[in-house]
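The block underneath contains the structure these notes are about, expressed in structure tokens.
What follows is the structure, encoded as structure tokens:
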């Protein structure tokens, strides 16, 4: 019940739905389930299904349940009766599907129920009184019929509901005047339906079946039919009688639930649950050689930290699209983890699988060329293993493919991160007012101030990197805020002040930038403690961040901005002096003026 779409479908479904745990104890039920049984959802959660099942129907259900839990069948359906709190029986159509997964001990199966009270009641009324037919049948949902037991199901009586259900009037079907009922049945189901009816008549049982029909407008509709044979004293079939109702909405709901249980909601690919079933189905020698390719997106965490999970989701979807573009018929492609995918390719040897991996790399390269100036570049690591007859088990082959993929990921980690960081850096310059020239001037001024302070070569290198990438977090700020020509609103300032923390997270995601992450986080702190994001003061602020603050402020004042022209050197020097002891470290301001700008003047007081 994780996605909002699934929750809505579950809560608003026209069917009663219950997710059951081991032993038949319900874990969750929807509103409709309570309406049909007459109990509230909270009451249902405290009961076992036997408590509200008619005593005569418990054993049949229990036997089917035993077969499903033993793995003999994946699910079953039957008609049974529930007893409401006042003892009133209610006929329901029960669908049970196993939800048991490897390692999942909480969820056992799903029960879906449909209220058949009206249908069963109507059927009993038809049997009890032929005289009520003319009044009752026009008001029944769907179509009531009496037909011959021939290949055409020649209709001798059809209720008025025929028009709404099929688009044809009852007169059109009577005695095959315009078409036969067989003509309405989807061609692929006619023979199957005939075989089912033949068996039902042979066993003297009630027919219950679901199949698609084609309406007069050419639309496909799913219907549920319940009927029986009418026999003479010698056992010969005189006619067939029954009801047919539209269950298209229910089938659509079942299809949507089935789709969601097998597919990843973000990419539309199969999910891990489906992949596990596919593994079992592909353990057949006639499918060997079976190649497995494991795929992992490089740098997804870095993208998430830099641009947010919404952009990370775009990268996942686009990568899924690239992988889908090389998929062939009969193969399975599944998203098996947050950034991981898996190909199962039956009857595919190692050489052909390697060619497919190369096709994936070429498709990624083409995608990246189309988005040359976009930070969302697709980079993947892949691993290949092949299952052959007499070789390792499929489970071992899958594990080997994953191991090889992780090994490639480790080997390519540095280069892939470098590529992503280069793209992020280019995006930073493209989106903000900062330019590479600004970064170069800051790097030079910061390095000169660092030399005047006697910093080590390693500290000078970190300082130069910090000067270049201190505004890295601005890639996560809205363009409208970054490039706004006028003053920012209080709300916009709150958003803008997030960029040191965003930059910190990006830097911590990369071993190359981790050493300067704390300096990025602190580059907007102020000497008097009124800065952000942590309100550090004085010596609490890292030295390299204090150096950068002076160099950054000077370059910003002497460069044209959207909201004001550049200041002259004299005005900029006076601004630095006024900020010494409040915004800036006073010692660093004095050193910057005397050693970097070569400006003489009175001593700056803290």
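In my numbering, the protein residues as written are -8 to 597. Don't be surprised by glycine CBs; every beta carbon is placed ideally from N, CA and C.
May I ask you to report which of helix, strand or coil DSSP gives residue i?
i           : result
residue 200 : strand
residue 123 : Low confidence applies here, because residue 123 scores a pLDDT of 49, under 50, leaving its location unreliable; read the following figure in that light. The answer is helix: DSSP assigns residue 123 an H, G or I state.
residue 368 : coil
residue 103 : strand
residue 475 : coil
residue 293 : helix
residue 8   : strand
residue 30  : coil
residue 71  : strand
residue 212 : strand
residue 445 : coil
residue 430 : helix
residue 376 : strand
residue 518 : coil
residue 493 : helix
residue 468 : coil
Cutting at 8 Å between CB atoms, please list the residues of its own chain near residue i, excluding the five before and the five after it.
i           : result
residue 254 : 260, 261, 262, 265
residue 80  : 45, 72, 73, 74
residue 134 : 149, 150, 152, 153, 156, 157, 234, 235, 236
residue 187 : 198, 200
residue 222 : 195, 228, 229
residue 247 : 0
Could you give the residue range of the alpha helix (DSSP H) that holds residue i?
i           : result
residue 261 : Per DSSP, residue 261 belongs to no alpha helix (DSSP H) and is neither H nor E.
residue 307 : 300 to 316
residue 610 : Outside the displayed span of the chain (-8 to 597) sits residue 610, for which this structure offers no information.
residue 48  : 46 to 60
residue 545 : 534 to 548
residue 448 : 448 to 460
residue 64  : Run containing residue 64: none; DSSP gives neither H nor E here.
residue 362 : It is not in any alpha helix (DSSP H) - residue 362 carries neither H nor E in the DSSP assignment.
residue 637 : Not covered by the structure: residue 637. The range shown for the chain is -8 to 597.
residue 581 : 577 to 582
residue 512 : 508 to 512
residue 587 : Per DSSP, residue 587 belongs to no alpha helix (DSSP H) and is neither H nor E.
residue 481 : 481 to 487
Over the uninterrupted beta strand (DSSP E) stretch that includes residue i, give me the two end residues.
i           : result
residue 17  : 17 to 20
residue 325 : 323 to 326
residue 335 : 331 to 336
residue 281 : 281 to 288
residue 87  : 80 to 89
Can you list, in chain order, the residues of its chain whose CB lies under 6 Å from that of residue i, leaving out five sequence neighbours each side?
i           : result
residue 603 : Absent from the model: residue 603. The displayed extent of the chain is -8 to 597, so no value can be given.
residue 377 : 280, 282, 341
residue 191 : 198
residue 432 : 546
residue 310 : 288, 369
residue 339 : 282
residue 244 : 4
residue 334 : 284, 324
Among residues of its own chain, excluding the 5 on either side of residue i, which ones have a beta-carbon nearer than 7 Å to its beta-carbon?
i           : result
residue 361 : none
residue 242 : 213
residue 456 : 507
residue 276 : 380
residue 595 : Because residue 595 carries a pLDDT of 43, less than 50, the predicted location of this residue cannot be relied on, and no value is offered for it.
residue 550 : 429, 557
residue 6   : 23, 103, 104, 105, 241, 244
Along the chain, which unbroken stretches of the beta strand (DSSP E) at least 3 residues long are found entirely within the segment 214 to 255? 228 to 237
In chain order, what are the residue ranges of uninterrupted alpha helix (DSSP H) at least 4 long that sit wholly in the segment 123 to 189? 124 to 127, 152 to 157, 161 to 164, 172 to 175
Assess, as a yes-or-no matter, whether the segment 164 to 178 is touched by the segment 216 to 233 under the definition of 3 or more beta carbon pairs within less than 8 Å. no
Three or more C-beta pairs closer than 8 Å, one from the segment 464 to 484 and one from the segment 436 to 445: is that the case here? no
Does the pairing of the segment 43 to 63 with the segment 3 to 12 give three or more beta-carbon distances under 8 Å? no
Say whether the segment 489 to 500 touches the segment 466 to 475, bearing in mind that this needs 3 or more beta-carbon pairs closer than 8 Å, one atom from each stretch. yes
So does the segment 31 to 50 actually touch the segment 160 to 169, counting three or more Cβ pairs closer than 8 Å? no
Can we say the segment 434 to 443 touches the segment 518 to 529, given the rule of at least three CB pairs closer than 8 Å? no
Can you confirm whether the segment 301 to 308 touches the segment 387 to 403 when touching is taken to mean that 3 or more C-beta pairs between the two stretches lie within less than 8 Å? no
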